[in-house]
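FYI, the numbering for the sequence shown is 73 to 357, going by my numbering.
Have a look at the structure below, then the notes.
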Amino acid sequence: MIQSMTGYGKTVLQLSTKKITIELKSLNSKNLDLNVRIPSYYREKELDIRKKLALNLVRGKIDFSIYIENNGGELSSKINEKAVREYISQLKKIVNSDEIELLKIAARLPDSLKAEREELDEEEWNKIAEAINKTIKKIISYRTDEGKVLLKDFEMRVAIIEDLLNKVIEIDPKRIENVRLKLKKGIEELEAKVDENRFEQELIYYIEKLDITEEKVRLKNHLNYFLKELKEQTSNGKKLGFITQEIGREINTIGSKANFADMQKLVVQMKDELEKIKEQNLNVL
Numbered sequence: 073m074i075q076s077m078t079g080y081g082k083t084v085l086q087l088s089t090k091k092i093t094i095e096l097k098s099l100n101s102k103n104l105d106l107n108v109r110i111p112s113y114y115r116e117k118e119l120d121i122r123k124k125l126a127l128n129l130v131r132g133k134i135d136f137s138i139y140i141e142n143n144g145g146e147l148s149s150k151i152n153e154k155a156v157r158e159y160i161s162q163l164k165k166i167v168n169s170d171e172i173e174l175l176k177i178a179a180r181l182p183d184s185l186k187a188e189r190e191e192l193d194e195e196e197w198n199k200i201a202e203a204i205n206k207t208i209k210k211i212i213s214y215r216t217d218e219g220k221v222l223l224k225d226f227e228m229r230v231a232i233i234e235d236l237l238n239k240v241i242e243i244d245p246k247r248i249e250n251v252r253l254k255l256k257k258g259i260e261e262l263e264a265k266v267d268e269n270r271f272e273q274e275l276i277y278y279i280e281k282l283d284i285t286e287e288k289v290r291l292k293n294h295l296n297y298f299l300k301e302l303k304e305q306t307s308n309g310k311k312l313g314f315i316t317q318e319i320g321r322e323i324n325t326i327g328s329k330a331n332f333a334d335m336q337k338l339v340v341q342m343k344d345e346l347e348k349i350k351e352q353n354l355n356v357l
């Protein structure tokens, strides 16, 4: 079943001291374009995250983010007691004030607080890794649902092209007869003496050049192949793109050989539906 490259997934993990939000967004792209934003103390796990995302999401412009909200259970910064005492000592030499006031001044000076670098907790990371897996499943589910919508649209447009092809097949004998009459009329207007046998031979040769039997068969086969590929277990937008190119080639050849206004109108309609398929296929994984 085809999948869309457009998707979204979000998981919120509540721990004792923090709330962790994991978010995944994806849009269409020719290749895998991966952007990862995570806190610095999870940085050593970035390569593992990238590998997991690439393996599961395959293609698309993908944004992955981990957001942290501390609940106040742990402080990431602590008072630099040594620096504060030194500030107070120096301030006493400058001004005559009580220690409370001096402490207020010292607390605002540089280095009065020191940041504590949070180390990676493996037990915590295991919970985060599980939440990442849940988020990946959510975005795949989203992509699959979007793929179902695309599938219906593709099937509808392929059915329209098949119906137009049947109309082309239906009017083809009329087209050939129209070509024959036009040629005969042209000869008659020249008022020239023509060997009827030679004329018939040349006419047959000319009509063979305009024959679209092979194009009709190949177009039908390409449309069936496209529908078959839509139902394959693995979504392959690139392969579908190659098939649409072949479909377009057969439609264009029919149009170049048509030489008949009614058929050319049908060809224009087929091209219009195919362009819509191509546009939608840009979003298929």
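Note that beta-carbon positions come from the ideal geometry of N, C-alpha and C, so glycine has one too.
Residue i versus residue j - alpha carbon distance
i	j	result
K117	A203	14 Å
K292	V240	12 Å
I319	T89	59 Å
A126	N142	30 Å
L99	K133	5 Å
K33	V356	Any property of residue 33 remains undetermined from this structure, which presents the chain solely from 73 to 357.
T93	L181	34 Å
E287	K209	43 Å
Y114	L299	44 Å
I140	K164	41 Å
A179	L87	31 Å
F332	N205	58 Å
G81	E218	13 Å
S169	E195	50 Å
A201	L119	13 Å
L106	L129	10 Å
V84	K220	27 Å
L407	L354	Past the boundaries of the shown model lies residue 407; the chain is included only from 73 to 357, so the question cannot be answered.
I248	K337	16 Å
W197	E227	44 Å
V156	P111	29 Å
Q317	L346	9 Å
N250	L282	12 Å
L237	K350	18 Å
K91	N324	58 Å
Cβ shell of residue i (< 8 Å), same chain only, five flanking positions each side left out
i	result
R109	D135, F136, S137 and I138
Y297	I315
L255	L275 and Y278
Q305	M73
Beta-carbon separation (whole angstroms), residue i vs residue j, contact threshold 8 Å
i	j	result
M73	T216	7 Å
R131	S101	7 Å
S184	I211	In fact, because the Cβ distance is near 44 Å, the residues do not count as touching under 8 Å.
G79	Y214	4 Å
Q352	L223	In fact, because the Cβ distance is near 10 Å, the residues do not count as touching under 8 Å.
CB contact flag (residue i, residue j, <8 Å)
i	j	result
S307	Q75	yes
E322	K311	no
I326	H294	no
R290	L275	no
E153	I160	no
Cβ neighbours of residue i in the same chain (closer than 7 Å, five flanking residues each side left out)
i	result
K348	R229
D334	I243
I177	L163
Residues of its chain near residue i, where Cβ-Cβ distance is below 6 Å and the 5 sequence neighbours each way are ignored
i	result
I284	I326 and K329
L192	Y113
L174	I160 and L163
Check whether the region 229–247 and the region 340–351 are in contact - that is, three or more C-beta pairs closer than 8 Å. yes
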